[in-house]
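Chemist: Take this structure first; my questions come after.
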Amino acid sequence: MTRLIKDTKERLQDLEQTVHGGNIWDIADENTVRKGEVIDFSSNINPIGPPERVYEAVRENLWKIGFYPQRDSKNLRTKIAERYVGLTYKNVIVGNGSCELIHLFTQAFVESNTLTLIPIPTFSEYYYATCKVGGIVREIEPRGDLTFDVDKIIGTISENSIIFLCNPNNPTGTLLDRKSITDIVDYASRRESLVFVDEGFIDFTEDPERNTLSCNVSKYWNLFVLRSLTKSHGLAGLRIGYGIASEEIIEVMHKLKVPWNVNCLAQAAAEAAIDDDEFLDRARKTILNEKIWMISRLRSIPKLRVYDSEANFILIDMRPSCLTGREVSNRALEFGLMIRDCSSFRGLDEYHIRVAVRKREENTRLIRFFENLLGYV
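Residue numbers (the numbering used here): 1 to 377.
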């Protein structure tokens with residue numbers, strides 16, 4: 001082994017890749033279940049699936065697979081910018097999924113010993129992306145109900161730091177109001193610090209237009225807003241996400257981005273999806289109604305502590321049942337269901353699980369699983 005490889009392995013030996021839901025392919029291969037027979041409650045994707053016009057766009061653009069895609073997705077960036085007042089394509093960057101943009105952001109702005117503030121529990125990729133480039137993570141503990149403490153976050157901001165916020169937050173489903181976030185962004189601006197707001201699940205909230213900060217990037221030089229088409233439009237397999245920020249932030253990130261990072265079919269699918277407001281409105285209403293029904297049914301089952309949620313997933317504390325998340329997820333798999341064991345989330349213990357909101361028939365099957373599991377039928 002060369003010294004170069006050895007030194008790199010030593011530098012990365014304490015860096016563990018993050019755990020995610022939606023690993024249906026490996027789970028099916030490792031267990032005696034067929035892929036088509038597993039209902040995936042572990043990934044928070046729109047259960048209705050992609051709109052029909054996305055399938056049409058993919059079919060119509062199949063001829064492009066023999067060519068390189070547009071290098072920097074300019075057409076798609078322009079279409080995205082048109083949805084926001086005062087923005088141009090220079091305010092938009094497109095990624096091969098949201099995770100690429102999280103890592104690209106830390107690569108661009110986190111140096112060795114840069115302080116990164118991460119309120120927990122939250123999406124673990126912020127921590128991994130920061131540590132990978134040598135940044136220092138300071139985790140900010142939540143309140144007792146797992147909501148973020150805005151005053152504590154503001155009080156922790158120092159000069160030239162990075163703040164990651166997930167809104168609504170994964171895995172808790174809690175939502176900070178716009179004023180709370182702008183208070184954080186305002187203070188961070190005075191401290192010469194950047195704020196990264198992940199709005200990957202904002203389209204599943206009751207009023208996305210009121211909750212989003214996307215239209216505020218022209219006001220705040222230090223704000224980066226991440227959005228996802230993967231989750232809202234069911235494009236997980238195509239991988240597509242985008243970020244909105246000042247031209248200066250986007251310019252820096254584009255200099256570090258690999259060329260042709262978004263393939264031609266993903267670009268075409270995204271352009272079609274963005275135009276389909278009717279699909280998203282219909283899906284949002286369906287998911288909101290199903291979530292209300294699911295929370296009510298889950299709370300009727302003893303030994304489950306069910307949290308409120310503003311997103312398309314629900315956090316459950318299994319501690320009253322004395323069952324760990326791993327035990328529950330293993331038993332669920334025997335029932336043909338995949339649920340998310342949340343023990344890998346920093347700030348949560350081994351008793352927490354997360355379930356996505358799906359269609360009524362599938363959600364009913366999940367309820368029956370919990371009733372059978374806990375002896376309540």
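Glycine residues also receive a C-beta, built at the ideal position from the N, C-alpha and C atoms.
Remember, predicted model here, so these are calculated numbers, not experimental data.
Beta strand (DSSP E) containing H352: first to last residue?
Modeler: Looking up residue 352 in the sequence shown gives position 352. Run containing H352: 352–356, per the beta strand (DSSP E) assignment.
Chemist: Between the region 274–286 and the region 325–334, can you find at least three pairs of beta-carbon atoms closer than 8 Å?
Modeler: Contact fails: fewer than three Cβ-Cβ distances are below 8 Å.
Chemist: Please report how far the alpha carbon of E37 lies from the alpha carbon of L333, in whole angstroms.
Modeler: Taking the sequence shown and counting its residues from 1, one reaches residue 37 at position 37. Taking the sequence shown and counting its residues from 1, one reaches residue 333 at position 333. For E37 and L333, the gap between their C-alpha atoms comes out near 10 Å.
Chemist: Would you call the region 61–78 and the region 196–211 touching, i.e. three or more CB-CB distances under 8 Å?
Modeler: no
Chemist: Counting pairs of Cβ atoms below 8 Å between the region 217–225 and the region 84–97, do you hit three or more?
Modeler: yes
Chemist: Can a CB atom of chain B be found closer than 8 Å to the CB of L223?
Modeler: Looking for chain B here will not work: only one protein chain is present.
Chemist: What residue does the beta strand (DSSP E) around D198 start on, and which one ends it?
Modeler: In the sequence shown, the residue the question calls residue 198 occupies position 198. Residues 194–198.
Chemist: In whole angstroms, what separates the C-alpha of I181 from that of R143?
Modeler: One-based indexing of the sequence shown puts residue 181 at position 181. One-based indexing of the sequence shown puts residue 143 at position 143. Their Cα atoms are separated by approximately 17 Å.
Chemist: Residues in its own chain within less than 7 Å of S415 by CB, not counting five upstream and five downstream?
Modeler: This structure leaves residue 415 out entirely; the chain is present only between 1 and 377.
Chemist: Kindly indicate the opening and closing residues of the alpha helix (DSSP H) around D151.
Modeler: Your numbering for residue 151 matches position 151 in the sequence shown. 150–156 is the span of the alpha helix (DSSP H), which, as asked, contains D151.
Chemist: Helix, strand or coil for A129 per DSSP?
Modeler: Residue 129 sits at position 129 when you count from the first residue of the sequence shown. Helix.
Chemist: Around the Cβ of K255, are there at least 16 other Cβ atoms within 10 angstroms (buried) or fewer (exposed)?
Modeler: Position 255 of the sequence shown holds residue 255. The residue in question, K255, is exposed, as its Cβ has fewer than 16 Cβ neighbours within 10 Å.
Chemist: Kindly list the residues whose CB is nearer than 6 Å to the CB of T174, restricted to its own chain and excluding five residues on each side of it in sequence; keep chain order.
Modeler: Your numbering for residue 174 matches position 174 in the sequence shown. Cβ within range, chain order: T147.
Chemist: Could you give the residue range of the beta strand (DSSP E) that holds E164?
Modeler: As a position in the sequence shown, residue 164 is number 164, starting the count at 1. It is Phe, not Glu, that sits at residue 164 in the sequence shown. Its beta strand (DSSP E) spans residues 162–166.
Chemist: By a C-beta neighbour count over all protein chains shown, 10 Å radius and 16 as the cutoff for buried, is N160 buried or exposed?
Modeler: Start at 1 with the first residue of the sequence shown, and residue 160 comes out as number 160. So N160 counts as exposed.
Chemist: By DSSP's criteria, L315 is part of a beta bridge. Which residues make up the other side?
Modeler: Numbered from 1 along the sequence shown, position 315 holds the residue referred to as residue 315. In the DSSP assignment, the residues bridged to L315 are R354.
Chemist: Starting from F109 and walking both ways along the alpha helix (DSSP H), at which residues does that stretch end?
Modeler: Taking the sequence shown and counting its residues from 1, the one referred to as residue 109 is at position 109. That run of the alpha helix (DSSP H) goes 98–109.
Chemist: Taking DSSP's pairing of strands, which residues face G241 in a bridge?
Modeler: Within the sequence shown, residue 241 is the residue found at index 241, counting from 1. G95, S228, per the DSSP bridge assignment.
Chemist: Using the three-state DSSP reduction, which class does T324 fall into: helix, strand or coil?
Modeler: Mapped onto the sequence shown, residue 324 falls at position 324. T324: coil per DSSP, three-state reduction.
Chemist: What is the rounded straight-line gap between the Cα of I136 and the Cα of R365?
Modeler: Here residue 136 refers to the residue found at position 136 when the sequence shown is read from its first residue. Here residue 365 refers to the residue found at position 365 when the sequence shown is read from its first residue. So the alpha carbons of these two residues sit roughly 43 Å apart.
Chemist: Taking the alpha carbon of N91 as the reference point, which residue from L323, N363, L115, F224 has its own alpha carbon closest?
Modeler: Counting from 1 along the sequence shown, the entry for residue 91 is found at position 91. Here the closest residue by C-alpha is F224.
Chemist: How big is the Cα-Cα spacing for E247 and R210?
Modeler: In the sequence shown, the residue the question calls residue 247 occupies position 247. In the sequence shown, the residue the question calls residue 210 occupies position 210. Approximately 24 Å, taken between the alpha carbons.
Chemist: Is I153 near I102, with beta carbons less than 8 Å apart?
Modeler: Counting from 1 along the sequence shown, the entry for residue 153 is found at position 153. Counting from 1 along the sequence shown, the entry for residue 102 is found at position 102. No.
Chemist: Under 8 Å by Cβ, that's how I've got I274 and I80 pegged, so tell me the actual separation to the nearest angstrom.
Modeler: The sequence position of residue 274 within the sequence shown is 274, counting from 1. The sequence position of residue 80 within the sequence shown is 80, counting from 1. The pair is a contact, with the Cβ atoms about 7 Å apart (cut-off 8 Å).
Chemist: Since A57 and A266 should fall inside the 8 Å C-beta cutoff, what is the C-beta to C-beta distance between them, to a whole number of angstroms?
Modeler: The residue given as residue 57 occupies position 57 in the sequence shown. The residue given as residue 266 occupies position 266 in the sequence shown. Rounded, the Cβ-Cβ distance is 10 Å, inconsistent with contact.
Chemist: Give me whichever residues DSSP pairs with T116 in a beta bridge.
Modeler: Within the sequence shown, residue 116 is the residue found at index 116, counting from 1. Partner(s): V137, I162.
Chemist: So, are the CB atoms of R340 and R354 less than 8 Å apart?
Modeler: Position 340 of the sequence shown, counted from the start, is the residue given in the question as residue 340. Position 354 of the sequence shown, counted from the start, is the residue given in the question as residue 354. Contact flag set, yes.
Chemist: According to the Cβ coordinates, are L165 and R138 closer than 8 Å?
Modeler: Residue numbering aside, residue 165 sits at position 165 when the sequence shown is read from its first letter. Residue numbering aside, residue 138 sits at position 138 when the sequence shown is read from its first letter. Cβ atoms of L165 and R138: not closer than 8 Å.
Chemist: Near V54, what residues of its chain come up, given a Cβ to Cβ distance below 6 Å and the 5 sequence neighbours on each side ignored?
Modeler: Reading the sequence shown from its first residue, position 54 is the one you call residue 54. Closer than 6 Å at the Cβ level, and outside the excluded window around V54, lie A269, A272, A273.
Chemist: Would I39 and E290 qualify as a contact pair, given that the criterion is a beta-carbon distance under 8 Å?
Modeler: Within the sequence shown, numbered from 1, the residue matching residue 39 stands at position 39. Within the sequence shown, numbered from 1, the residue matching residue 290 stands at position 290. Cβ atoms of I39 and E290: not closer than 8 Å.
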